[in-house]
Amino acid sequence: MKIKLLKENLKQALGIVERIAAKGSALPALGAVAMKAEKNTVEFSATDLEIGIRYKVLAETEKEGCVVVPSRLFSQVVSALEEKEVTLVVVAGELRVESKEHQTALKTLAIEDFPIIPSLQGTEEPVELETGEFCAGLNQVVGMTGQNQARPEISGVFIQILKEEIKVAATDSFRLAEKTLDLHKPCVAQASFILPQKTARELVSIAGGFPEKTRLYLSSSQALFDYSSKEKAQHVSLQVVSRLIEGDYPQYQDVIPREFAAKARAGRQEFISRLKAASVFSGKIQDVKVATDPKRKGLHISAQSSDTGRHASFLASEVSGKPLDISFNWRFLLEGLSNMKAHEVDIGFGGEDAPALIRPASKERYLYVVMPVKA
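Quick note: the sequence shown uses our numbering, first residue 33, plus one each step.
What follows is the structure, given as structure tokens:
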């Protein structure tokens with residue numbers, strides 16, 4: 033194998049695939065990056081057996097071939113280079129990294145030890161998604177996934193593909209978030225699956241800024257997210273393959289409240305600032321009290337601690353219904369509000385022991401359900 037490519041392209045490729053390579057694994061191949069040189073391109077691959085990634089960039093290929101090297105070491109070598117162009121050549125079991133002023137030889141690993149990363153292309157008609165919208169939706173819910181080993185199904189993001197929309201949701205049993213996105217191309221084959229939390233986070237980090245559309249391919253146990261550039265960009269294509277979580281996702285729609293004892297419309301940023309102020313005085317269970325005041329038309333937000341003192345504030349709001357005094361985990365409230373963009377939010381309070389529903393007071397199709405805590 034012998035290729036020449038821009039250092040910036042090489043550095044970017046390694047920075048992306050190195051995120052997936054397993055760290056500290058007893059199997060050297062899982063901490064490695066595989067390179068496959070073909071005509072005018074080179075493909076970089078890595079996997080931790082849960083997620084696999086392929087990233088293809090433009091290159092001048094003098095001799096086609098494959099090689100596997102430790103990803104972290106390779107990345108460190110490339111980062112130290114100062115020249116714009118890099119030559120990679122495999123000679124006698126070594127990968128030689130050459131530039132005008134640097135020559136480095138890396139010991140290679142056995143190609144046959146590198147795991148096969150499956151390809152699902154051609155299995156079914158893909159679902160086409162807007163990459164930016166999809167990754168933003170994942171980012172709005174992924175923080176609500178659970179970490180319960182007895183219930184692995186809630187440790188991932190539930191994705192439901194309908195004819196004209198896609199829903200992404202997550203819950204840890206204490207709060208629930210759901211984002212609904214429009215499909216710009218109607219989907220014939222409807223499906224649902226549970227995507228591991230790690231995969232969701234990596235998709236947000238790796239693909240969130242990509243201008244291309246996402247083509248989603250599905251099998252019974254895996255999902256492939258394909259981003260292929262139709263323009264002459266630095267990269268030619270990116271593919272992320274992930275195993276799916278087995279099991280049935282909870283019927284979370286049943287816990288979304290439909291009736292409320294009190295309702296409020298409040299400024300989102302104002303609510304956030306008052307929560308942060310009260311959080312300084314929250315107790316061991318991180319509780320703050322939110323009291324509805326229909327007479328004064330507002331919300332009382334307070335917290336007290338035997339160690340630090342107490343704090344109270346008033347947030348002028350449109351309030352209707354009964355006066356209630358409910359304790360919430362302030363972090364849970366803050367995370368839900370921070371994932372919204374609207375200037376105002378609508379809050380439905382079910383009661384002191386019932387879940388509350390928070391929605392943006394706009395066309396943003398996002399909802400957040402949070403359970404009270406017992407102070």
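Just so you know, even glycine gets a beta-carbon here, dropped at the ideal spot from N, CA and C.
In this structure, DSSP gives Gly125 a state outside helix and strand, which the three-state scheme calls coil. DSSP places Glu82 outside both helix and strand once states are collapsed to three, so it counts as coil. Around the Cβ of Pro392, a 10 Å sphere holds 16 or more other Cβ atoms; the residue is buried. Segment contact: the segment 116-132 against the segment 191-209, fewer than three CB-CB distances shorter than 8 Å; contact not assigned. With fewer than 16 neighbouring CB atoms inside 10 Å of its own CB, Thr340 falls in the exposed class.
For Lys245, the number of other beta carbons within 10 angstroms of its own is at least 16, and it is reported as buried. The continuous beta strand (DSSP E) containing Phe346 extends over residues Gly341 to Ala348. In this structure, Val273 sits away from Ile379, with a CB-CB distance that is not shorter than 7 Å. Contact between Gln271 and Ile85 holds: their C-beta atoms lie close to 7 Å from each other, under 8 Å. Val118 is a Cβ neighbour of Leu42, given a cutoff of 7 Å. In the structure shown, the three-state DSSP call for Arg306 is helix. Note that the C-beta distance between Leu307 and Leu366 is below 7 Å.
In the three-state scheme derived from DSSP, where H, G and I count as helix and E and B as strand, Asn361 is classed as strand. A contact is defined here as three or more CB-CB pairs under 8 Å, and the segment 81-100 meets this definition with respect to the segment 131-145. Residue environment analysis places Asp385 among the exposed positions, since fewer than 16 neighbouring C-beta atoms fall within 10 angstroms of its C-beta. Setting aside the 5 residues that flank it on each side, Ala335 is surrounded in the same chain by Ala310, Phe313, Ser314, Val320 and His343, each with a C-beta closer than 6 Å to its C-beta; the list follows chain order. The C-beta distance from Gly330 to Ser305 rounds to 15 Å, too long to fall under 8 Å, and the pair is not in contact. Between the alpha carbons of Glu82 and Pro147 lies a distance of about 11 Å.
It is roughly 21 Å from the alpha-carbon of Gln254 to the alpha-carbon of Gly240. When beta bridges are read from the DSSP output, Cys219 appears opposite no residue. Look at Val377 here: in three-state DSSP terms it is strand. Taking the C-beta atoms as reference points, Leu256 is found nearer than 7 Å to Leu152. Spatial neighbours of Val268 in its own chain (CB-CB distance under 8 Å, excluding positions within 5 residues in sequence) are listed in chain order as Thr73, Lys88, Val89, Leu90, Ser260 and Ser261. Boundaries for Val49: no beta strand (DSSP E) harbours it, while the alpha helix (DSSP H) harbouring it runs Lys39 to Val49, taken from the DSSP string. The continuous stretches of alpha helix (DSSP H) do not include Leu250, which lies in the beta strand (DSSP E) extending over residues Lys245 to Leu250.
For Phe166, there is no enclosing beta strand (DSSP E); the enclosing alpha helix (DSSP H) has its first and last residue at Thr163 to Val173. Following the DSSP letters along the chain, one finds Thr231 inside the alpha helix (DSSP H) bounded by residues Gln229 to Ala239. Selection Met403, Gln318, Met372 and Gly382 evaluated against Arg363 yields Gln318 as nearest (Cα-Cα). Cβ contact annotation for Glu396 (same chain, cutoff 8 Å, sequence separation greater than five): Met372, Lys373 and Ala374, in chain order. Contact between the segment 221-239 and the segment 163-170 is established, with three or more Cβ pairs separated by less than 8 Å. In this structure, DSSP gives Ala54 a state outside helix and strand, which the three-state scheme calls coil. Taking the CA atoms as reference points, Leu194 sits about 44 Å from Leu105.
Counting along the chain, no alpha helix (DSSP H) covers Phe242, and no H or E run does either.
The residues Thr212, Leu213, Asp214 and Leu215, in chain order, have a CB closer than 8 Å to that of Glu197 in the same chain once the five nearest residues on each side in sequence are set aside. Around the beta carbon of Gly56, a 10 Å sphere encloses fewer than 16 other beta carbons of the protein chains shown; the residue is thus reported as exposed. Taking the Cβ atoms as the reference, Pro326 lies roughly 19 Å from Ser359, outside the contact range of under 8 Å.
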